[in-house]
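Visitor: The structure is given below, and queries will be raised subsequently.
Protein chains in written order, with my numbering: chain H, 3 to 161; chain A, -11 to 497.
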């Protein structure tokens, strides 16, 4: 089932997030990040809204708020992820050119790596992807999290 | 004369101020000190690095609010293996704007330790009583109305009682809290009594000027005495310098938190003859767990935190439920991709809890490149044992409450399905690096004590090396507390301010 933002009335929300993006990451880093997002992004056969670009912009915007040393280190981590296929898989093909199943296997290798830096990069990106995904109105509605309705009800209650 | 809150964009280039006291930071320590000193008749200026936002500007969108209210948009990391995700506030009101509002007095056994190990002979429960009472009155510490407790919390409480555990209803700084459960993005209805709502308005009414978007870079000294600060006014979205400022004052009071205060002192090469500035970093490591039930329990439809299990406080373990946004929950558990969605589709069937442990080791803090602060902390074997034991207790409570599955914050063992599975927590050889850790408490980096050779500040918060330079944030807390530190910070700040006011002729002349 493909869900459009417009159908769920969240077009304004997505526009707001997109407007925040000043493209903190260079094009190649966005490409690698996009490929990683496809692996990490929550999905199921029944529910897979097309949120990749929204999440990519969200994460890119977030990078702008990182402390400077992390802002510099983040693209380097993505470069290692992209080119690390040679070192960790013995493949000449870059990460973003692998198919989804291969990327998933490769990312699992990073998550379970003995090298902390590899684990931390995936953990960091995973955290941001999760924040972006689960704060999208379509997803919140899907999992039954109606916080605005709850707040309105709670505030109106008298003690 | 009434004071005011002046935002960065209103500050002219090269502005200069003079005051009796300049306070750096407006959170639990700074906000409280500002009100105490201004109401005591002193001319007070408060400098806050973050922006000024009111509840009308609060929303429930994580990105909007973390970028507005949190340092590094909530993405600060304490380095170690594993690293620990750390969050603190950066806004007028500091972390009190984004915390859960839990208020506990410093435990008596902790005060006793301070007396014996740190020479803080006055710190008896009787001596501290009036400071705690004053703080509790100012920020309205109270129990929650039963109607604001979620169904999940009720199940948690009943199960803990059934197991015979000592479980306490939470004391929180709130007035008629309605259980909206968005504390971490700022209370939308001004019911949580953060310093933004409580102390800062009092300070302003008593004449204090609060400047937002102002980052202090230099502490000015003359001889062995602090005489003011210099810094830069930041553009709010980009954090770029747009102007500079200087505030001359007879007293400088640092309340920038246990990370920024030592970083500032180390950059300025001040108050460190003990070589303890930035050391003894404590952080109450936390892990999350999730109980999944057969029926909807709506843990988010009620107050952020309703109860704490205090049965294991003497073992250094605190167990609680904590309602958070699904986005924040999903960050703290290992699942991703299809597994994540499969799990989160049961969101309304979940009760999310946390385990906080007393530190048994310490880390350190030091200035990093580009004005950043670097934090280091390596979990030790005892803390690892406590975290596993804490999750064991959480799982026991959840299964007693009727959960069929408990999701764990460990890489190798991600879920268990009943009491019989609990031994797996011990047989799976879980290592520190397998844990998903987070924390919101930082303490101990400029600790208080009676010996200038071993401690940074004396019993009233004044640094041993620089006269009239005080510290009134969580950095002065000498040891791990085992409970939320907000009330301790405020009580210690109140005590420091009372000392300044009693000795004003000495400090102001």
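All C-beta atoms in this analysis are idealised placements derived from N, C-alpha and C, irrespective of residue type, glycine included.
1) Which word fits residue 90 of chain A, buried or exposed, when buried means at least 16 other C-beta atoms lie within 10 angstroms of its C-beta?
2) Just list the residues that DSSP pairs residue 296 of chain A with in beta bridges.
3) Take every Cβ of the stretch 57 to 64 of chain H, pair it with every Cβ of the stretch 95 to 113 of chain H, and state whether three or more of those distances are shorter than 8 angstroms.
4) Between residue 355 of chain A and the rest of its own chain, which residues show a CB-CB distance below 8 angstroms, the 5 nearest in sequence each way excluded?
5) Alpha carbon to alpha carbon, what distance is there between residue 287 of chain A and residue 43 of chain H?
6) Find the residues of chain A that neighbour residue 122 of chain H, judging by a C-beta separation of less than 7 angstroms, and give them in chain order.
7) Using CA atoms only, rank isn't needed, just tell me which of A:156, A:9, A:108, A:448 is closest to residue 297 of chain A.
8) Would you tell me roughly how many angstroms separate the C-alpha atoms of residue 67 of chain A and residue 159 of chain H, rounded to the nearest one?
9) If residue 424 of chain A sits next to residue 397 of chain A, beta carbons under 8 angstroms apart, how far is it from one beta carbon to the other, in whole angstroms?
10) Quick one: what's got a C-beta closer than 6 angstroms to residue 74 of chain A's C-beta in the same chain, skipping five residues either side?
11) Might you give, ordered along the chain, the residues of its own chain that have their beta carbon closer than 7 angstroms to the beta carbon of residue 181 of chain A, omitting 5 neighbours on each side?
12) So which residues of chain H does residue 319 of chain A contact, with C-beta pairs closer than 7 angstroms?
13) In angstroms with no decimal places, state the Cα-to-Cα distance between residue 143 of chain H and residue 177 of chain A.
14) Can you pull the chain A residues whose beta carbon is under 8 angstroms from the beta carbon of residue 60 of chain H, in chain order?
15) Using C-beta distances below 7 angstroms, list every residue in its chain close to residue 476 of chain A, excluding the 5 sequence neighbours before and after it, in chain order.
16) In chain H, which residues lie with their C-beta within 8 angstroms of the C-beta of residue 335 of chain A?
17) Taking Cβ-Cβ distances shorter than 8 angstroms, what residues in chain H pair up with residue 48 of chain A?
18) What is the residue span of the beta strand (DSSP E) that residue 8 of chain A lies within?
19) Could you spell out where the beta strand (DSSP E) holding residue -3 of chain A opens and where it closes?
20) Among H:131, H:27, H:150, whose alpha-carbon lies nearest the alpha-carbon of residue 76 of chain H?
21) Secondary structure at residue 418 of chain A, three-state DSSP: helix, strand or coil?
22) Identify, in the order they occur along the chain, each residue of the same chain with its Cβ nearer than 7 angstroms to the Cβ of residue 410 of chain A, setting aside the five sequence neighbours on each side.
23) So residue 377 of chain A is in the alpha helix (DSSP H); what residue range does that whole segment cover?
24) For chain H, is any of its Cβ atoms less than 8 angstroms away from the one on residue -3 of chain A?
25) Look up residue 43 of chain H in the DSSP assignment and say whether it is helix, strand or coil.
26) So, with DSSP's three-state summary, where would you put residue 175 of chain A?
27) In this structure, how does DSSP classify residue 428 of chain A when only helix, strand and coil are distinguished?
28) Chain D partners of residue 329 of chain A, CB-CB under 7 angstroms?
29) Tell me the residue span of the alpha helix (DSSP H) that contains residue 87 of chain A.
30) Quick check: the stretch 129 to 137 of chain H against the stretch 43 to 56 of chain A, are there 3 or more CB pairs under 8 angstroms?
31) Express the C-alpha separation of residue 210 of chain A and residue 258 of chain A in angstroms, rounding to a whole number.
32) Under 8 angstroms, do residue 200 of chain A and residue 45 of chain A count as touching if we go by C-beta distance?
33) Please list the terminal residues of the continuous beta strand (DSSP E) segment that includes residue 355 of chain A.
34) Beta-carbon separation of residue 197 of chain A and residue 303 of chain A under 8 angstroms?
35) If you count every other CB in all the chains shown that lies within 10 Å of the CB of residue 143 of chain A, and 16 or more means buried, which is it?
36) Under 8 angstroms between C-beta atoms, does residue 136 of chain H make it to chain A?
Guide: Taking the geometry as given:
1) The residue you call residue 90 of chain A lines up with position 102 of the second chain. Buried, by the Cβ-count rule.
2) Locating residue 296 of chain A in the second chain gives position 308, counting from the first residue. In DSSP, residue 296 of chain A forms a bridge with A:156, A:308.
3) Segments in contact, no.
4) Taking the first residue of the second chain as 1, we reach residue 355 of chain A at position 367. Contacts found: 251, 254, 255, 361, 362.
5) Working through the first chain from its first residue, we reach residue 43 of chain H at position 41. Working through the second chain from its first residue, we reach residue 287 of chain A at position 299. Their Cα atoms are separated by approximately 25 angstroms.
6) Walking along the first chain from the start, residue 122 of chain H turns up at place 120. Near residue 122 of chain H (Cβ distances below 7 angstroms), the residues of chain A are 71.
7) Position 309 of the second chain, counted from the start, is the residue given in the question as residue 297 of chain A. Nearest C-alpha to residue 297 of chain A: A:156.
8) As a first step, residue 67 of chain A is located in the second chain; it is residue number 79 there, counting from the start. As a first step, residue 159 of chain H is located in the first chain; it is residue number 157 there, counting from the start. Computed Cα separation, rounded: 44 angstroms.
9) In the second chain, residue 424 of chain A corresponds to position 436, counting from 1. In the second chain, residue 397 of chain A corresponds to position 409, counting from 1. Confirmed, Cβ separation roughly 4 angstroms.
10) By one-based count along the second chain, residue 74 of chain A stands at place 86. The answer, listed in chain order, is 64, 66, 427.
11) Position 193 of the second chain, counted from the first residue, corresponds to residue 181 of chain A. Cβ neighbours of residue 181 of chain A beyond the five flanking positions: 127, 128, 161, 162, 163.
12) For the purposes of this step, residue 319 of chain A is identified with residue 331 of the second chain, where counting begins at 1. Here the neighbours are 129, 132, 133.
13) Reading the first chain from its first residue, position 141 is the one you call residue 143 of chain H. Reading the second chain from its first residue, position 189 is the one you call residue 177 of chain A. Roughly 24 angstroms between the two C-alpha positions.
14) The count along the first chain starts at 1 and reaches residue 60 of chain H at position 58. Chain A residues near residue 60 of chain H: 51.
15) The count along the second chain starts at 1 and reaches residue 476 of chain A at position 488. Short of 7 angstroms from the beta carbon of residue 476 of chain A, and not among the five residues preceding or following it, lie these beta carbons of its own chain, in chain order: 94, 465, 469.
16) In the second chain, residue 335 of chain A corresponds to position 347, counting from 1. Within 8 angstroms Cβ-Cβ: 145, 146, 147.
17) If you number the second chain from 1, residue 48 of chain A lands on position 60. Per Cβ cutoff of 8 angstroms: 149, 150, 153.
18) Counted from its first residue, the second chain places residue 8 of chain A at position 20. Unbroken beta strand (DSSP E) run through residue 8 of chain A: 3 to 12.
19) Here residue -3 of chain A is taken as the residue at index 9 of the second chain, counted from 1. Where residue -3 of chain A is concerned, there is no enclosing beta strand (DSSP E), because DSSP gives it neither an H nor an E.
20) Your numbering for residue 76 of chain H matches position 74 in the first chain. Checking every option, the nearest Cα to that of residue 76 of chain H belongs to H:27.
21) Taking the second chain and counting its residues from 1, one reaches residue 418 of chain A at position 430. Here residue 418 of chain A sits in coil by DSSP.
22) On the second chain, residue 410 of chain A is found 422 positions in, with the first residue counted as 1. Only 380, 383, 384, 404 meet the Cβ criterion.
23) Counting from one through the second chain, the residue named residue 377 of chain A turns up at place 389. Residues 369 to 389.
24) Counted from its first residue, the second chain places residue -3 of chain A at position 9. It does not; no Cβ of chain H falls within 8 angstroms.
25) By one-based count along the first chain, residue 43 of chain H stands at place 41. Residue 43 of chain H falls in the coil class under three-state DSSP.
26) Your numbering for residue 175 of chain A matches position 187 in the second chain. Three-state result, residue 175 of chain A: coil.
27) Counting from 1 along the second chain, the entry for residue 428 of chain A is found at position 440. Coil, per DSSP.
28) Chain labels in this structure do not include chain D; the protein chains are H and A.
29) Here residue 87 of chain A refers to the residue found at position 99 when the second chain is read from its first residue. Counting along the chain, residue 87 of chain A falls outside any alpha helix (DSSP H), and DSSP gives it neither H nor E.
30) The stretch 129 to 137 of chain H is in contact with the stretch 43 to 56 of chain A.
31) In the second chain, residue 258 of chain A corresponds to position 270, counting from 1. In the second chain, residue 210 of chain A corresponds to position 222, counting from 1. Their backbone Cα atoms lie some 12 angstroms apart in a straight line.
32) Within the second chain, the letter at position 212 stands for residue 200 of chain A. Within the second chain, the letter at position 57 stands for residue 45 of chain A. No, these two residues do not count as a Cβ contact at 8 angstroms.
33) Here residue 355 of chain A corresponds to residue number 367 of the second chain, with the count starting at 1. That run of the beta strand (DSSP E) goes 352 to 355.
34) On the second chain, residue 197 of chain A is found 209 positions in, with the first residue counted as 1. On the second chain, residue 303 of chain A is found 315 positions in, with the first residue counted as 1. Not in contact: residue 197 of chain A and residue 303 of chain A (Cβ atoms no closer than 8 angstroms).
35) Numbered from its first residue, the second chain carries residue 143 of chain A at position 155. Buried, since its Cβ has 16 or more Cβ neighbours within 10 Å.
36) Walking along the first chain from the start, residue 136 of chain H turns up at place 134. By this cut-off, residue 136 of chain H is an interface position.
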